[in-house]
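Colleague: Heads up, the sequence shown is in the working numbering, so the first residue is 1 and it goes up one at a time.
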Amino acid sequence: VNKYLDSELATVGNVGAGEDILATFTLTAAQLATNGETIKGVYWGATANNATVKTIRIRLIEGANNTVLLSFAPTVSELGHWIVGFAAIRTAATTFRAAAQGIVGPSNDTSTKSVTNMTASSTATWANAVEVRLTGEATAGADNDITMQGGFITLVSV
């Protein structure tokens, strides 16, 4: 059963150089209580058409555990619109398996780049709060080089 957890409706962009939070959602302690339960999310946005190096990441954070599910940097020829998706499945009280994918391409074009980063297994203590964080990083310092324009997260219960 899919259960709505969160939506992102406002456009949020990076500010200057460095990694900035574009969206965040925190699962309450023990929200994934049963092995096999899954969180899924999709975010989308745009990148500025300039030479600044841009990186989009999705992280799962619990205490000192900070797992990057996806990290990709579109090239100048791929700038335009992007979409990323992920799924993280609880496998035990302190572990999960996850997969994530990002696609990016110029506006009004069919040219896309697909990047997949799979985490075979990682650590998160599900009895604690776990944060899902989408970030954008620009190296040069222009605001809104990366913008998140929408997204959502759901919980799949068993």
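Each residue gets a CB set at the ideal place from its N, CA and C atoms; glycine is no exception.
What are the residues that DSSP puts in a beta bridge with L155?
Modeller: The partner list for L155 (beta bridge, DSSP) reads K3, I39.
Colleague: If you follow the beta strand (DSSP E) that Q101 is part of, which residue opens it and which one closes it?
Modeller: That run of the beta strand (DSSP E) goes 95-105.
Colleague: Hey, out of T91, A93, D6, whose CA is closest to R133's CA?
Modeller: Answer by Cα proximity: D6.
Colleague: Count the other C-beta atoms from every protein chain shown that fall within 10 angstroms of the C-beta of E78, then say buried if there are 16 or more, exposed otherwise.
Modeller: Buried, by the Cβ-count rule.
Colleague: Between I146 and G45, how many whole angstroms is the CB-CB distance? I'm expecting something under 8 Å.
Modeller: Going by Cβ atoms, the distance from I146 to G45 rounds to 7 Å, so yes, they are a contact pair.
Colleague: Only counting the same chain, and skipping five residues up and downstream in sequence, which positions put a Cβ closer than 7 Å to that of G16?
Modeller: Closer than 7 Å at Cβ, skipping near neighbours: G141, D143.
Colleague: Could you have a look at V15 and say whether DSSP puts it in helix, strand or coil?
Modeller: Of the three classes helix, strand and coil, the one that applies to V15 here is coil, per DSSP.
Colleague: Would you mind reading off the limits of the beta strand (DSSP E) that contains A92?
Modeller: Note, A92: beta strand (DSSP E), 81-92.
Colleague: Give me the Cα-Cα distance between A30 and Q149, rounded to the nearest whole angstrom.
Modeller: Each residue's alpha carbon lies about 29 Å from the other.
Colleague: Let's see if you can read the secondary structure: which residues bound the beta strand (DSSP E) around G136?
Modeller: Looking at the DSSP string, the run of the beta strand (DSSP E) that includes G136 is 130-138.
Colleague: Among Y4, T24, T47, which one has its Cα closest to the Cα of E62?
Modeller: Among Y4, T24, T47, the Cα nearest to that of E62 belongs to T24.
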